[in-house]
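For what it's worth, my numbering labels the leading residue of the sequence shown as 8, then goes sequentially. For every residue, glycine included, the Cβ atom is placed at its ideal position computed from N, Cα and C.
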Amino acid sequence: MTEASGATGRTGNATGRTGNTAGRTGNATGGAASAVGGTAGAAGPAVGAAGAADPAGGAAPRRVRVVLVDDHRMFRTGVQAEIGETARTGVEVVGEAADVDQAVTVIGATRPEVVLLDVHLPGGGGVEVLRRSAALMADPNRPVRFLALSVSDAAEDVIGVIRGGARGYVTKTITGTDLVDAIFRVAEGDAVFSPRLAGFVLDAFASTDAPPVDEDLDRLTQREREVLRLIARGYAYKEIAKQLFISVKTVESHVSAVLRKLQLSNRHELTRWATARRLV
């Protein structure tokens, strides 16, 4: 009986130790569950802040659908890389176009909120895109708004697209952050201009007199005018090629055409000609 009682006691102690182990296991499991719950809770707000989900039921991050219109593929690629990361910028690029006909087709098919529009395009330029998109701009429910994005900072280019219905005009020297801001402002109905260009618009709409026609200047194409201004500002051919996304040989061809049309002999005469007309 004593041996049996001792064995029974030892069995009871073992059972007690097993119970304690199970208790510790249960506590550990409970702690792990709490830890997992805490991690999940921490992860939830982070995802919501990134814009992918909002478990708290808050307002979804603002999104703007954009079409890029520019005849230089490399430039479109650069803009897409700069602003098109939707989760970070809120901008969703829904289409691209390289000329007037493509632009009108893509804009009509995608109905973006904002179109980034180059001024000089094959097929008639940005003004022609605006003319053919007049009905979309006038739509009271889903208006398509245009923001000109151009290398040109010439007064006639700025005034031309604004008269055509664009809501703003910025040059291609703008930073990615500022461009995203400009896109959102235009989408909301604001007018946006690079600081220097705003003066052109104010002067143009404050004056009731039509600008005089310059027959010599009218002989030049839009691209030739761009090259003319950059030459007059002292840019080298390589610098002009980089600015306009064209080859040096193409720059040389444009300069030759400008000199021939204006009956000038060299870039020094060309500079004086442009300065006299306040094109620099």
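For residue i, which residues of its own chain have a beta-carbon under 7 Å away from its beta-carbon, when the five flanking residues on both sides are left out?
| i | result |
| --- | --- |
| VAL158 | THR178, LYS179, GLU233, GLN250, LEU251 |
| VAL98 | VAL71, VAL73, ILE90, GLY91, VAL187, ILE190 |
| ASP78 | ALA105, ASP106, ASP125, LEU128, PRO129 |
| ALA53 | Residue placement at ALA53 is poorly supported in this model, since its pLDDT is 31, which falls under 50; the coordinates are not used for a value here. |
| VAL100 | VAL73, LEU75, GLN87, GLY91 |
| HIS261 | ARG230, GLU231, VAL234 |
| GLY183 | GLU89, ILE90 |
| ARG83 | LEU75, ASP77, GLU103 |
Thinking C-beta only, is residue j closer than 8 Å to residue i?
| i | j | result |
| --- | --- | --- |
| TYR242 | VAL255 | no |
| ARG174 | ARG152 | yes |
| GLU259 | ALA194 | no |
| GLU231 | ALA264 | yes |
| LEU224 | ARG284 | yes |
| TYR176 | LEU143 | no |
Just to confirm the assignment, what range does the alpha helix (DSSP H) spanning residue i have?
| i | result |
| --- | --- |
| PHE82 | 80-90 |
| LEU269 | 255-269 |
| GLU233 | 229-239 |
Since I believe residue j is in contact with residue i (beta carbons under 8 Å), could you give me their beta-carbon distance rounded to a whole number of angstroms?
| i | j | result |
| --- | --- | --- |
| LEU137 | GLY172 | 5 Å |
| GLY102 | THR117 | 5 Å |
| LEU286 | LEU235 | 7 Å |
| LEU154 | LEU75 | Actually they do not touch by this definition, with Cβ atoms about 11 Å apart. |
Can you find the residues in the same chain that come closer than 8 Å, C-beta to C-beta, to residue i, ignoring five residues on each side of it along the sequence?
| i | result |
| --- | --- |
| MET81 | PHE252 |
| ALA141 | GLY172 |
| ARG192 | GLY175, VAL199 |
| ALA257 | What sits at residue 257 in the sequence shown is Thr, not Ala. Around THR257: ALA248. |
| THR282 | ALA239 |
Once the 5 residues before and after residue i are set aside, which same chain residues still bring their CB inside 6 Å of it?
| i | result |
| --- | --- |
| THR96 | ILE90, VAL187 |
| THR278 | ALA239 |
| THR93 | GLU99 |
| LEU237 | ILE247 |
| GLY58 | Reliability of the predicted coordinates at GLY58 is poor, the pLDDT of 34 falling under 50, and no value is obtained from them. |
| ASP108 | GLY130 |
Please list the terminal residues of the continuous beta strand (DSSP E) segment that includes residue i.
| i | result |
| --- | --- |
| GLY172 | Counting along the chain, GLY172 falls outside any beta strand (DSSP E), and DSSP gives it neither H nor E. |
| GLU99 | 98-104 |
| ALA155 | 152-157 |
| LEU124 | 121-124 |
| LEU75 | 71-76 |
Could you tell me whether the Cβ of residue i comes closer than 8 Å to any Cβ of chain C?
| i | result |
| --- | --- |
| GLY167 | Of the protein chains in this structure there is only one, and it is not chain C. |
query: Between the stretch 189-205 and the stretch 260-274, are three or more C-beta pairs nearer than 8 Å?
result: no
- request: Say whether the stretch 159-168 touches the stretch 139-148, bearing in mind that this needs 3 or more beta-carbon pairs closer than 8 Å, one atom from each stretch.
  value: no
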